[in-house]
Each structure stands twice: as structure tokens, then as C-alpha cells.
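Engineer:
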Amino acid sequence: MNKVILIGRVSSRPILLNTKSNVPFLRFSLAVSRRRYSQDATPITDFIPIVAWRQNATLLERLITVGTLIALEGSIQGNRVMNNTNAYLTNYEVNVDSFQPLETKEQLEIRRQKLSQKISEPTFEPIYDDNQVGLEIPEHDQELPDESQNSDFPSFLADKNKNNSQDDEDPFADWDLSDIEPDSDD
Numbered sequence: 001m002n003k004v005i006l007i008g009r010v011s012s013r014p015i016l017l018n019t020k021s022n023v024p025f026l027r028f029s030l031a032v033s034r035r036r037y038s039q040d041a042t043p044i045t046d047f048i049p050i051v052a053w054r055q056n057a058t059l060l061e062r063l064i065t066v067g068t069l070i071a072l073e074g075s076i077q078g079n080r081v082m083n084n085t086n087a088y089l090t091n092y093e094v095n096v097d098s099f100q101p102l103e104t105k106e107q108l109e110i111r112r113q114k115l116s117q118k119i120s121e122p123t124f125e126p127i128y129d130d131n132q133v134g135l136e137i138p139e140h141d142q143e144l145p146d147e148s149q150n151s152d153f154p155s156f157l158a159d160k161n162k163n164n165s166q167d168d169e170d171p172f173a174d175w176d177l178s179d180i181e182p183d184s185d186d
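Okay, structure coming up:
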């Protein structure tokens with residue numbers, strides 16, 4: 001029997017796609033906390049890949065957002081694919097058979113509004129106004145440190161700054177290879 005029951009929060013933005021034959025499917029991750037056997041144990045969260053097909057996909061896409069608490073029932077499905085180095089990789093995901101949101105419509109709507117606010121508000125401050133033509137270098141960046149006058153300047157950086165064409169041509173020029181003997185098959 002292959003049966004999985006999970007309760008957790010949606011941890012990635014649900015993505016609704018269609019197959020070539022126009023069958024809808026939805027992919028997202030579910031954050032599920034592991035059971036702790038003592039209160040001193042560090043909490044561990046697993047992020048489980050989820051896929052829902054057909055009607056489940058379209059319903060979930062309308063109901064859930066990042067952070068939604070949900071119960072899922074389904075089965076584990078493994079997919080075996082070959083990567084660039086011709087090695088087989090197996091990916092596992094939970095295929096949804098049924099689901100139940102564990103939050104009220106009001107809680108879902110509040111979360112949806114908060115997420116849309118975060119997206120619409122700028123997340124950065126411009127470093128110059130529109131009237132400014134170019135960027136100015138801050139005062140502390142005007143001069144680079146002089147390695148000869150600064151005792152805190154690391155010596156290995158001073159050596160790197162010297163123009164040594166031999167180092168540019170051969171990265172192993174400083175290595176002493178006389179101590180290395182090739183393995184011999186006796």
C-alpha cells in the first residue's frame with residue numbers, strides 16, 4: 001500500500017502548468033515539521049515536493065498561497081531521469097489524491113492581501129535621484145590602501161599585486177614537483 005498523509009504549510013509559490021495533451025497539473029513544496037521526541041530537540045522541517053493533477057490542480061491553484069496550512073492525502077511517486085553525465089537520478093514527489101485546507105476563508109484572504117502588498121511595495125531604495133546624471137563614489141572609496149604604508153595590508157595580497165608574468169603563464173610555476181614521484185605498478 002502506498003499512502004501518505006501530510007499536514008504542513010505551502011512553502012513555494014504554486015505553479016499551474018499543462019501537459020502537451022492539455023492536462024493541468026500544479027507543483028509546489030510543502031513544509032512539514034518532523035516529530036520531536038524531546039522538547040530540547042531542534043525542530044527539523046522537511047520541504048516535500050507536491051504535484052496535483054486535473055481538478056485537484058485547478059482547485060488548489062485557486063485556494064492556496066505561500067503559507068497556507070493544508071492537509072494532503074496521496075501517494076509517493078518516483079521518477080527516474082538521466083542527467084548530463086548519463087547517470088540515473090530518482091526524484092520523489094507526493095501525488096495528491098485529496099486535500100483539505102486547515103484555515104478559514106478569512107485567514108486565507110488576509111494572507112493573500114499581505115502577499116499582494118509585499119509584491120506591490122518597493123523592496124529597495126534608489127541610490128540616486130532621477131536628476132542625478134551618474135553615480136558618485138563615496139568618500140571612503142576614493143583611495144585604495146597603499147600596501148607599503150599600511151602594516152595591516154596582508155602580505156599575500158601584496159605579492160599578488162606584483163606583476164609577475166611567469167605566474168600569469170604557468171599557474172604551477174612555484175610548485176616543487178621533484179618530491180612527487182609517479183605511482184609505479186610493480
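Under UniProt numbering, residues 1 to 186 are what the sequence shown spells out, in order.
Where a beta carbon is used, it is the ideal one built from N, C-alpha and C, also for glycine.
(1) I need the boundaries of the beta strand (DSSP E) containing residue 91, first residue and last residue.
(2) Once DSSP output is grouped into helix, strand and coil, what is the label at residue 116?
(3) Determine whether the beta carbon atoms of residue 101 and residue 57 lie at a separation below 7 Å.
(4) In the DSSP assignment, find the unbroken alpha helix (DSSP H) run with residue 62 in it and report its ends.
(5) Since residue 31 is in the beta strand (DSSP E), which residue starts that stretch and which ends it?
(6) Using the DSSP secondary-structure output, state which residues sit across from residue 17 in a beta bridge.
(7) Count the other C-beta atoms from every protein chain shown that fall within 10 angstroms of the C-beta of residue 68, then say buried if there are 16 or more, exposed otherwise.
(8) Give a yes or no on contact between the segment 78-93 and the segment 32-41, applying the rule of three or more CB pairs nearer than 8 Å.
(9) Which two residues bound the contiguous beta strand (DSSP E) that contains residue 82?
(10) What do you reckon, is the C-beta of residue 84 under 6 Å from a heavy atom of the ligand FAD?
(11) Tell me whether residue 17 is buried or exposed, calling it buried when 16 or more other Cβ atoms sit within 10 Å of its Cβ.
(12) Leaving aside the five residues before and after residue 11 along the sequence, list all residues of the same chain whose C-beta is less than 6 Å from its C-beta, in chain order.
(13) If you count every other CB in all the chains shown that lies within 10 Å of the CB of residue 78, and 16 or more means buried, which is it?
(14) Checking 7 Å against the spacing of the C-beta atoms, do residue 96 and residue 41 come in under that value?
(15) Just the Cα atoms here: how many angstroms apart are residue 108 and residue 20?
(16) Would you tell me roughly how many angstroms separate the C-alpha atoms of residue 54 and residue 87, rounded to the nearest one?
Structural biologist: Short version:
(1) On the sequence shown, residue 91 is found 91 positions in, with the first residue counted as 1. Run containing residue 91: 88-101, per the beta strand (DSSP E) assignment.
(2) As a first step, residue 116 is located in the sequence shown; it is residue number 116 there, counting from the start. In this structure, residue 116 counts as helix in the three-state DSSP scheme.
(3) Looking up residue 101 in the sequence shown gives position 101. Looking up residue 57 in the sequence shown gives position 57. Not closer than 7 Å, so no.
(4) Residue numbering aside, residue 62 sits at position 62 when the sequence shown is read from its first letter. 54-63 is the extent of the alpha helix (DSSP H) around residue 62.
(5) Residue numbering aside, residue 31 sits at position 31 when the sequence shown is read from its first letter. Start and end: 24-33.
(6) Reading the sequence shown from its first residue, position 17 is the one you call residue 17. Partner(s): 25.
(7) Indexing the sequence shown from 1 puts residue 68 at position 68. The residue in question, residue 68, is buried, as its Cβ has 16 or more Cβ neighbours within 10 Å.
(8) No, the segment 78-93 does not touch the segment 32-41.
(9) For the purposes of this step, residue 82 is identified with residue 82 of the sequence shown, where counting begins at 1. It spans 69-82 - the beta strand (DSSP E) in which residue 82 sits, taken as one unbroken run.
(10) This structure simply doesn't include the ligand FAD, nor any ligand for that matter.
(11) Reading the sequence shown from its first residue, position 17 is the one you call residue 17. Classification for residue 17: exposed.
(12) By one-based count along the sequence shown, residue 11 stands at place 11. Cβ neighbours of residue 11 beyond the five flanking positions: 29, 31 and 47.
(13) Here residue 78 refers to the residue found at position 78 of the sequence shown. Per the 10 Å Cβ criterion, exposed.
(14) What you label residue 96 is simply residue 96 of the sequence shown in a count that begins at 1. What you label residue 41 is simply residue 41 of the sequence shown in a count that begins at 1. Not in contact: residue 96 and residue 41 (Cβ atoms no closer than 7 Å).
(15) As a position in the sequence shown, residue 108 is number 108, starting the count at 1. As a position in the sequence shown, residue 20 is number 20, starting the count at 1. Between residue 108 and residue 20, the C-alpha separation is close to 32 Å.
(16) Counting from 1 along the sequence shown, the entry for residue 54 is found at position 54. Counting from 1 along the sequence shown, the entry for residue 87 is found at position 87. Near 32 Å, if we compare the C-alpha coordinates of residue 87 and residue 54.
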